[in-house]
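Chains as they are written, first to last, in the working numbering: chain L, 1 to 293; chain B, 1 to 293. Heads up, the thing below is written out as structure tokens.
There are 2 protein chains.
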Amino acid sequence: MDLTTRIDQALEAALSRSEAADGPPRLAAATRHAVFPAGARVRPRLCLAVALACGDDEPALSDAAATAIELLHCASLVHDDLPCFDNSPLRRGVPTLHIAYGERLAVLAGDALIVLAFQGLGDAPTRQPDRLPRLLGLIGKGVGQPHGIVAGQAWECEPQVSLRQYQRAKTGALFAAATMAGAAAAGGQPAQWRALGEWLGEAYQVADDIRDVAADPLLLGKPVGRDQALGRPSVAAEQGLLGAIAYFHQLVANAAAAVPDCGGAQRLRALVRAESERLVPAALCAELARAAA
Amino acid sequence: MDLTTRIDQALEAALSRSEAADGPPRLAAATRHAVFPAGARVRPRLCLAVALACGDDEPALSDAAATAIELLHCASLVHDDLPCFDNSPLRRGVPTLHIAYGERLAVLAGDALIVLAFQGLGDAPTRQPDRLPRLLGLIGKGVGQPHGIVAGQAWECEPQVSLRQYQRAKTGALFAAATMAGAAAAGGQPAQWRALGEWLGEAYQVADDIRDVAADPLLLGKPVGRDQALGRPSVAAEQGLLGAIAYFHQLVANAAAAVPDCGGAQRLRALVRAESERLVPAALCAELARAAA
Chain L
1 MDLTTRIDQA LEAALSRSEA ADGPPRLAAA TRHAVFPAGA RVRPRLCLAV
51 ALACGDDEPA LSDAAATAIE LLHCASLVHD DLPCFDNSPL RRGVPTLHIA
101 YGERLAVLAG DALIVLAFQG LGDAPTRQPD RLPRLLGLIG KGVGQPHGIV
151 AGQAWECEPQ VSLRQYQRAK TGALFAAATM AGAAAAGGQP AQWRALGEWL
201 GEAYQVADDI RDVAADPLLL GKPVGRDQAL GRPSVAAEQG LLGAIAYFHQ
251 LVANAAAAVP DCGGAQRLRA LVRAESERLV PAALCAELAR AAA
Chain B
1 MDLTTRIDQA LEAALSRSEA ADGPPRLAAA TRHAVFPAGA RVRPRLCLAV
51 ALACGDDEPA LSDAAATAIE LLHCASLVHD DLPCFDNSPL RRGVPTLHIA
101 YGERLAVLAG DALIVLAFQG LGDAPTRQPD RLPRLLGLIG KGVGQPHGIV
151 AGQAWECEPQ VSLRQYQRAK TGALFAAATM AGAAAAGGQP AQWRALGEWL
201 GEAYQVADDI RDVAADPLLL GKPVGRDQAL GRPSVAAEQG LLGAIAYFHQ
251 LVANAAAAVP DCGGAQRLRA LVRAESERLV PAALCAELAR AAA
């Protein structure tokens, strides 16, 4: 089974467990809207790829970890899109949750997804419950205060912020949690996998900055030019578009080099390369270089 | 150590672990604002009282369970107070979080509290990690979809809702999670403790309805008459004030009767009685009966 199929099945199972005939139907529909149609699922695929590289001896626990990472990512998108933040009308090519279901259900669906993420770690049948404390710690750290994605979003509410600190928390932290939780779920050494997640997370954030300036809104599935409109810190604004692209490629190279030697190393390096091309296609780089010349 | 001191120390420790000099300071302050000054702390005290009745052999785990219950309660209050829901200006006698720190930090502080609640279960030093799956399940069920407090709040977004279903989810679910998690943390039998939590939760919700109609806003620390203004289902609206008071006393009696025979039974029944008097004082009942006569 490929990783995308595996994660989508695990997400579907988690959502189904959270639904019941006597629960509020609009909340259930809103929660589904936040998780499907699929985004790139890059974080949970990364999580599973690392789990496989570490032996994946408790696949239900790896699935739960990858599911938690993706549900928490979806929750953060729903809350980031709210009128009080980005006020985004479009996400993944469809109306954002607050547009489709109203602001109240957008707040609640985000909350429900956070709860479901952690609840699912307890639902996983495993002979290794002693791995749970570490998983809870790693995933909580990637999401919460003081250095996770919630903290990253909160830097937008501060009068002073360093670009690096902001991006590490807003994006890098959950990527690092994805690789480290994959290792922890499979009984591996999380610390060995931190650098891969951190480099890839930074690359992803820089790619987002580049695409916000350069990409076609139809391809991106969401409005472009938001960072500038919102006065948000951005590598593209700081270093110019070509500088940002060069920086992106350096980060991707660092990520590939950070994959520890192991059975799954080749698969992981291939995943890193494929993500690089998906995020900032070589054809786009060539076109931008021509335009700048 | 009394239960209130114990829970406040555990909450303080959890908040401190989520703070760092290089985290976003306004988010840290907002999160604290949601947890202190203290509310009645009835849910975590109940959780600890049940843990003690079950032997409390892993006090760090009981503390983490009680802390999680209270942090999740605080998170739900913060999000319920948001402009898109109750738009409440006042809570526990001080400005609500979105008034004090803005709507964005209110959304994020709620999110951070939910994460911290679950992360704390992993942080608790324990020799019994095999209790974690059950704890995650019980607490997740009390908070999430389809029957927890998030689902309860979501019933306000549905065109059709039964009063009982709404109240069970909005209030009863977290009380039941509090008693059951207290038992699970101490290695007891959660199922034996469900009824106590459910009866008390329903009593608490009915008391809230009564106080919303009858209490002094200065004593309550929040505006009154909100249920009616918001067209929210309410026992007081359905059965009249005296009917609601009689129903409340029946629920309290059911709760006291549901305490299983055990070492801590007396302490638990005393807690139930004290809560009853705190929520709906005998003097208030007498005054209302006189006014109705």
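Don't be surprised by glycine CBs; every beta carbon is placed ideally from N, CA and C.
In its chain, beyond the 5 residues on either side, Leu27, Ala30, Thr31, Ala34, Val78 and Leu97 have a beta carbon closer than 7 Å to the beta carbon of B:Ala109.
Between the stretch 52 to 71 of chain L and the stretch 172 to 186 of chain L, the count of C-beta pairs closer than 8 Å reaches three or more; the two stretches touch.
In the same chain as B:Asp8, and ignoring 5 residues on each side of it, the C-beta atoms closer than 7 Å to its own belong to Ala38, in chain order. Spanning the alpha carbons of B:Gly148 and L:Ala257 requires a straight line of approximately 45 Å. The C-beta distance from L:Phe248 to L:Ala207 rounds to 6 Å, short enough to meet the 8 Å contact threshold. DSSP places L:Leu90 in the strand class (E or B) of the three-state scheme.
Cβ-Cβ separation between L:Ala173 and L:Gly142: approximately 5 Å, consistent with a contact (criterion under 8 Å). Proximity of chain B to L:Gly137 at the Cβ level (cut-off 8 Å) is accounted for by Gln119, Gly122 and Asp123, in chain order. Any Cβ of chain B closer than 9 Å to the Cβ of L:Leu132 would place that residue at the interface, and such an atom is present. Taking the Cα positions, B:Ser76 is about 35 Å away from L:Ala49. The count of Cβ pairs closer than 8 Å, one atom from the stretch 117 to 130 of chain L and one from the stretch 115 to 132 of chain B, reaches three, so the stretches are in contact.
Taking CB atoms only, B:Phe85 has a neighbour in chain L less than 9 Å away. Beta-bridge partners of B:Pro95 (DSSP): B:Leu90. Excluding its 5 nearest sequence neighbours in each direction, B:Leu241 has C-beta neighbours in its own chain below 7 Å: Ile210, Val213, Ala214 and Leu288, listed in chain order. When the Cα atoms are used, B:Val161 and B:Ser234 turn out to be separated by approximately 12 Å.
For B:Ser76, the enclosing alpha helix (DSSP H) covers residues Pro59 to Asp80.
Closest by C-alpha distance to B:Gly243, out of B:Phe118, B:Tyr204 and B:Cys285, is B:Cys285.
Secondary structure at B:His147: coil, using DSSP grouped into helix, strand and coil.
For B:Pro129, a Cβ of chain L is located within less than 9 Å of the residue's own Cβ. In this model, B:Asp81 and B:Arg104 are separated by some 13 Å (Cα to Cα).
For B:Pro146, the closest of L:Arg6, L:Asp22, L:Ala291 and L:Thr4 by C-alpha to C-alpha distance is L:Asp22.
Comparing C-alpha distances from B:Ala117 to each of B:Gly93, B:Pro95, B:Phe85 and B:Leu72 shows the shortest one belongs to B:Leu72. Annotated three-state conformation of B:Val161 is coil, per DSSP. Under the three-state reduction of DSSP, B:Pro133 is assigned to helix.
A Cβ-Cβ contact shorter than 9 Å links L:Leu200 with L:Ala255.
Listed by position along chain L, the residues whose Cβ is nearer than 9 Å to that of B:Leu61 form an empty set, because the closest Cβ is around 10 Å away. For L:Gln250, the enclosing alpha helix (DSSP H) covers residues Leu241 to Ala257. In the displayed model, L:Ala20 falls within coil according to three-state DSSP, outside both helix and strand. Look at L:Ala176: its C-beta is not under 9 Å from any C-beta on chain B. At least one beta carbon of chain B lies nearer than 9 Å to the beta carbon of L:Asp22.
Taking the CA atoms as reference points, L:Leu271 sits about 45 Å from B:Pro44. Pairing L:Ala203 with L:Val252 gives a Cβ-Cβ distance under 9 Å.
For B:Gln192, there is no enclosing alpha helix (DSSP H), as DSSP gives it neither H nor E. Residues of chain B with a Cβ closer than 8 Å to the Cβ of L:Arg26 are, in chain order, Ala154, Cys157 and Glu158.
Under the three-state reduction of DSSP, L:Ala124 is assigned to coil, being neither helix nor strand. Distance between B:Pro59 and B:Leu135, taken at the CA atoms: about 14 Å.
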